[in-house]
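Asks: Structure below; questions to follow.
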Amino acid sequence: MIDPISWAYSWPYIAAAFAAAYLLGSIPFGLILTNLSGVGDLRKTGSGNIGATNVLRTGNKKLAAATLLLDGAKGVVAVWVAKLFGPDIAIVAATGAFLGHLFPIWLKFRGGKGVATALGILLALCTPVGILACGSWLIAAIVFRYSSLAALMTMTAVPFYMWYLADPQRAEFAAVMGALIWIRHWKNIFRLVQGVEPRITTRHKE
Numbered sequence: 006m007i008d009p010i011s012w013a014y015s016w017p018y019i020a021a022a023f024a025a026a027y028l029l030g031s032i033p034f035g036l037i038l039t040n041l042s043g044v045g046d047l048r049k050t051g052s053g054n055i056g057a058t059n060v061l062r063t064g065n066k067k068l069a070a071a072t073l074l075l076d077g078a079k080g081v082v083a084v085w086v087a088k089l090f091g092p093d094i095a096i097v098a099a100t101g102a103f104l105g106h107l108f109p110i111w112l113k114f115r116g117g118k119g120v121a122t123a124l125g126i127l128l129a130l131c132t133p134v135g136i137l138a139c140g141s142w143l144i145a146a147i148v149f150r151y152s153s154l155a156a157l158m159t160m161t162a163v164p165f166y167m168w169y170l171a172d173p174q175r176a177e178f179a180a181v182m183g184a185l186i187w188i189r190h191w192k193n194i195f196r197l198v199q200g201v202e203p204r205i206t207t208r209h210k211e
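In this note's numbering, each residue carries its 1-based index in the sequence shown increased by 5.
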């Protein structure tokens with residue numbers, strides 16, 4: 006792919022895109038929202054994860070929805086801005102935003118599992134693929150009632166969606182992103198195998 010920038014001086018663009026996207030991706034919205042709402046430290050609730058699924062375990066559906074949207078928006082904004090400088094820079098920004106969520110500097114590099122941010126990235130990289138990915142996750146979550154299983158199934162399918170609807174470069178990126186999500190879910194995978202993985206619940210805690 007050829008980007009509309011001077012590739013004789015590409016490294017400043019690459020470094021700036023990655024750094025800005027990483028910092029954006031590393032904003033822990035779930036932790037911020039739960040602290041501001043008085044719920045407390047999200048890392049001491051449920052699975053200890055900072056994502057929307059764990060926010061939902063606090064019983065606050067609105068906070069969970071806000072976390073989901075904001076974590077997804079990190080990926081969307083990072084990629085949309087970077088696309089102004091071309092498709093290769095967009096991939097760089099997508100990588101930065103995703104790694105920022107997984108390894109945020111503010112939390113000693115202990116972040117979330119990246120599903121919502123990945124979905125936002127996919128929507129911005131290739132909207133049809135992003136829509137398919139969101140639909141796949143939703144269907145799997147409704148049918149199986151496991152957020153982790155829905156994420157794993159979706160991210161397994163995404164590289165194929167991207168291959169047919171976009172191009173090999175974005176398909177390869179999606180495959181790497183999916184592999185990292187599988188690695189981040191290793192505890193969930195063990196719990197799924199053992200039959201002790203918590204199901205999605207919307208029960209409100211009194």
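For glycine and all other residues, C-beta sits at the position ideal for the given N, C-alpha and C.
How close, in whole Å, do the beta carbons of Ala155 and Ala162 come, if the pair is a contact with beta carbons under 8 Å?
Replies: Between Ala162 and Ala155 the Cβ distance is about 11 Å, and since that is not below 8 Å, they are no contact.
Asks: Are the beta-carbon atoms of Gly77 and Gly30 separated by less than 8 Å?
Replies: No. Outside cutoff.
Asks: List in chain order: all unbroken alpha helix (DSSP H) runs of 4+ residues lying wholly within the region 10 to 97.
Replies: For the region 10 to 97, whole alpha helix (DSSP H) runs of length 4 or above, ordered along the chain, are 15 to 30, 34 to 41, 57 to 61, 66 to 87.
Asks: For the region 169 to 176 against the region 125 to 143, are there 3 or more C-beta pairs whose distance is under 8 Å?
Replies: A contact exists between the region 169 to 176 and the region 125 to 143.
Asks: To the nearest angstrom, report how far apart Arg48 and Leu68 are at their CA atoms.
Replies: Spanning the two alpha carbons is a distance of roughly 15 Å.
Asks: Comparing alpha-carbon positions, which option in Leu127, Phe103, Phe165, Met167 lies nearest Arg189?
Replies: Cα-wise, what sits closest to Arg189 is Phe103.
Asks: Determine the extent of the alpha helix (DSSP H) in which Leu185 is found, giving its start and end residues.
Replies: It spans 173 to 189 - the alpha helix (DSSP H) in which Leu185 sits, taken as one unbroken run.
Asks: Taking buried to mean at least 16 other C-beta atoms within 10 Å of its own C-beta, is Lys210 buried or exposed?
Replies: Because the pLDDT at Lys210 is just 43, under 50, the model does not fix this residue reliably, and the point stays unresolved.
Asks: Using a 10 Å radius around the Cβ and a threshold of 16 neighbouring Cβ atoms, would you call Ile126 buried or exposed?
Replies: Answer is buried; the Cβ neighbour count reaches 16.
Asks: Rounded to the nearest angstrom, how far is the Cβ of Thr63 from that of Ser152, given a contact under 8 Å?
Replies: Contact doesn't hold; Cβ gap of about 15 Å is too wide.
Asks: Do you know how far the Cα of Leu89 is from the Cα of Ile7?
Replies: Reliability fails at Ile7, whose pLDDT of 44 lies under 50, so the model's placement of it is uncertain and no value is given.
Asks: Using beta-carbon positions only, say whether Gly117 and Ile19 come within less than 8 Å of one another.
Replies: For Gly117 and Ile19, no; Cβs fall outside 8 Å.
Asks: Please tell me whether Leu185 and Leu107 are closer than 8 Å, where the distance is taken between their beta carbons.
Replies: Yes, the Cβ-Cβ distance between Leu185 and Leu107 is below 8 Å.
Asks: Mark Leu41 as exposed unless 16 or more other C-beta atoms lie within 10 angstroms of its C-beta, in which case mark it buried.
Replies: Leu41 comes out exposed.
Asks: Verify whether the separation of the beta carbon atoms of Thr122 and Lys79 is less than 8 Å.
Replies: In contact: Thr122 and Lys79 (Cβ atoms closer than 8 Å).
Asks: Using only the alpha-carbon positions, how far apart do Leu128 and Gly45 sit?
Replies: Computed Cα separation, rounded: 31 Å.
Asks: Closer than 8 Å by C-beta to Ala70: which residues in its own chain qualify, once you throw out the five before and the five after it? Chain order, please.
Replies: Ala57.
Asks: Leaving aside the five residues before and after Pro109 along the sequence, list all residues of the same chain whose C-beta is less than 8 Å from its C-beta, in chain order.
Replies: Excluding residues within five positions, the ones whose Cβ falls inside 8 Å are Gly30, Ser31, Ile32, Pro33, Arg115, Gly116.
Asks: The alpha helix (DSSP H) that contains Thr132, what's its start and end?
Replies: First-last of the alpha helix (DSSP H) with Thr132: 132 to 149.
Asks: Just to confirm the assignment, what range does the alpha helix (DSSP H) spanning Phe165 have?
Replies: Run containing Phe165: 152 to 170, per the alpha helix (DSSP H) assignment.
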